[in-house]
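Residue 1 is where the sequence shown starts when you use my numbering, and the numbers rise one by one after that. Every residue gets a Cβ at the ideal spot worked out from N, C-alpha and C, and that includes glycine. These notes are about the structure you will find just below.
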Amino acid sequence: MEFFSAPYPFDEISRKYPDEFKQRGKDIANFRPPGGESFADCSKRVMAEFERIVQNTTGHILITGHAGINRTIICHIMGIPLEKIFSFSQDYGCLNLIIYGTFGYRMKKLNQTYTGNSSLVFAP
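If you want it as structure tokens, here you go:
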């Protein structure tokens, strides 16, 4: 079953797979599409690697990811339950800036987008 693996609009997915789509809506964090992973599974996998990268790297780190990966990291950093994973935006090409120190993690920028007239300037 292709369910969410193909680039279909949500209205088409809901028509083709109404039962699965309802299940997803009832438990967004733990719903596992056929052949896929739940956001809970994804979060465990991603956060283990994220922590490994942070603990074994000095200096700045750039991680690029799609919205689902970004959202799981942001939920973890901000203490947002995975059930609220769509409570914030993640626009295409956005920037999320996370800082880390003795205080732990802190979001400095969330879903920041830039136009041709904007500049990317980072201050510690």
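For the stretch 33-48 and the stretch 56-76, state whether three or more C-beta atom pairs, one from each stretch, are separated by less than 8 angstroms. yes
Out of Ala67, Ile53, Arg106, which one is the CA nearest neighbour of Phe39? Looking up residue 39 in the sequence shown gives position 39. Among Ala67, Ile53, Arg106, the Cα nearest to that of Phe39 is on Ala67.
Once DSSP output is grouped into helix, strand and coil, what is the label at Leu95? Looking up residue 95 in the sequence shown gives position 95. Strand.
Mark Tyr92 as exposed unless 16 or more other C-beta atoms lie within 10 angstroms of its C-beta, in which case mark it buried. Residue numbering aside, residue 92 sits at position 92 when the sequence shown is read from its first letter. Classification for Tyr92: exposed.
Alpha carbon of Ile77 to alpha carbon of Asp27, nearest angstrom: Numbered from 1 along the sequence shown, position 77 holds the residue referred to as residue 77. Numbered from 1 along the sequence shown, position 27 holds the residue referred to as residue 27. Spanning the two alpha carbons is a distance of roughly 21 angstroms.
Rounded to whole angstroms, what's the CA-CA distance from Cys62 to Thr113? Just pull it up for me. If you number the sequence shown from 1, residue 62 lands on position 62. If you number the sequence shown from 1, residue 113 lands on position 113. Going by the sequence as given, residue 62 is Leu instead of Cys. Their backbone Cα atoms lie some 16 angstroms apart in a straight line.
From this set, Glu49, Ile80, Ala29, which residue's C-alpha is nearest Asp41's C-alpha? In the sequence shown, the residue the question calls residue 41 occupies position 41. Cα-wise, what sits closest to Asp41 is Ala29.
Ignore the nearest five residues each way along the sequence and tell me which others in Phe21's own chain have a CB closer than 7 angstroms to its CB. Locating residue 21 in the sequence shown gives position 21, counting from the first residue. Ile13, Ser14, listed in sequence order.
Contact under 7 angstroms by Cβ, Leu148 with Lys108: In this structure the chain extends from 1 to 124, so residue 148 is not present and cannot be described.
Hey, out of His60, Pro9, Gly65, Arg52, whose CA is closest to Asn111's CA? Translated into positions along the sequence shown, residue 111 becomes position 111. Nearest of His60, Pro9, Gly65, Arg52 to Asn111, Cα basis: Gly65.
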